[in-house]
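Engineer:
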Amino acid sequence: MESKARFLGHSIHPILIVFPLGLLATAVVFDIIYLIWGNRDMASVAYWMMAAGIVGGLIAAPFGLIDWLAIPSGTRAKTIGLLHGGANLLAILLFAGSWWLRHDVPEHPETMASVLSFVGAAVAGLGGWLGGELVERLGVGVHDGANLDAPSSLSNASARSTTART
Numbered sequence: 007m008e009s010k011a012r013f014l015g016h017s018i019h020p021i022l023i024v025f026p027l028g029l030l031a032t033a034v035v036f037d038i039i040y041l042i043w044g045n046r047d048m049a050s051v052a053y054w055m056m057a058a059g060i061v062g063g064l065i066a067a068p069f070g071l072i073d074w075l076a077i078p079s080g081t082r083a084k085t086i087g088l089l090h091g092g093a094n095l096l097a098i099l100l101f102a103g104s105w106w107l108r109h110d111v112p113e114h115p116e117t118m119a120s121v122l123s124f125v126g127a128a129v130a131g132l133g134g135w136l137g138g139e140l141v142e143r144l145g146v147g148v149h150d151g152a153n154l155d156a157p158s159s160l161s162n163a164s165a166r167s168t169t170a171r172t
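According to this note's numbering, the stretch in the sequence shown is residues 7 to 172, in order.
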C-alpha cells in the first residue's frame, strides 16, 4: 500500500522520524552519562536534544497520520497503525514531561525526569517496532510495484515495469 504523503517517490514519515528517534535516544544516553559521572553539561545537552526530538516528533506525526487514514478499516494494519501512533504519542508525552521537569534547572534534572525519559525510550522502542511491523510485514508505505530490480523513484519509469527475481 503506497504512502499518501510522499516526497520524491518516498514516504515522508519514515524520512522524518529518524531525527526525533535519534535525538530522543541520544538524550537518554546523555542522561545515563550524567547519572554515572555527574557531568552537568551532559544533562543540559540531554535537555536540548529532548526539546529538538519532541519538536521533530510533532513534525513527523501528521505524515504518519495521513498514511494511517488511508489504511482500509477492519484490517490488521489499521489496528497496528493505531497502536503505533498511540505508542509514539505516549513516548512524546513522556519525553515532554521529562523536559518540563527539567526546564527550570536543565543541568540538574530531578529523578522523575530521568525516569520519564527512560520509560519514554522504552515506549518509543515499542512504537518503532510496531512501525517496522507496518512496513516490513504489512506493506504499509511500500510502493505497489516494489521489487528487487525496480527503477529509481527519481526516474520516470514505473516500478511495475520490472519483475521481481525469484
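Quick reminder that beta carbons are idealized off the backbone N, C-alpha and C, glycines included.
Using DSSP's beta-bridge definition, name the partner residues of residue 17.
Structural biologist: DSSP, once it has assigned bridges, lists 12 as partnering residue 17.
Engineer: Measure how close the beta-carbons of residue 58 and residue 29 come, nearest whole angstrom, since I'm counting them as under 8 angstroms.
Structural biologist: 5 angstroms
Engineer: Since I believe residue 17 is in contact with residue 73 (beta carbons under 8 angstroms), could you give me their beta-carbon distance rounded to a whole number of angstroms?
Structural biologist: 7 angstroms
Engineer: How many angstroms separate the CA atom of residue 42 from the CA atom of residue 126?
Structural biologist: Near 20 angstroms, if we compare the C-alpha coordinates of residue 126 and residue 42.
Engineer: Can you tell me where the alpha helix (DSSP H) holding residue 115 begins and where it ends?
Structural biologist: Looking at the DSSP string, residue 115 is not in any alpha helix (DSSP H), and its letter there is neither H nor E.
Engineer: In three-state DSSP terms, what is residue 56?
Structural biologist: helix
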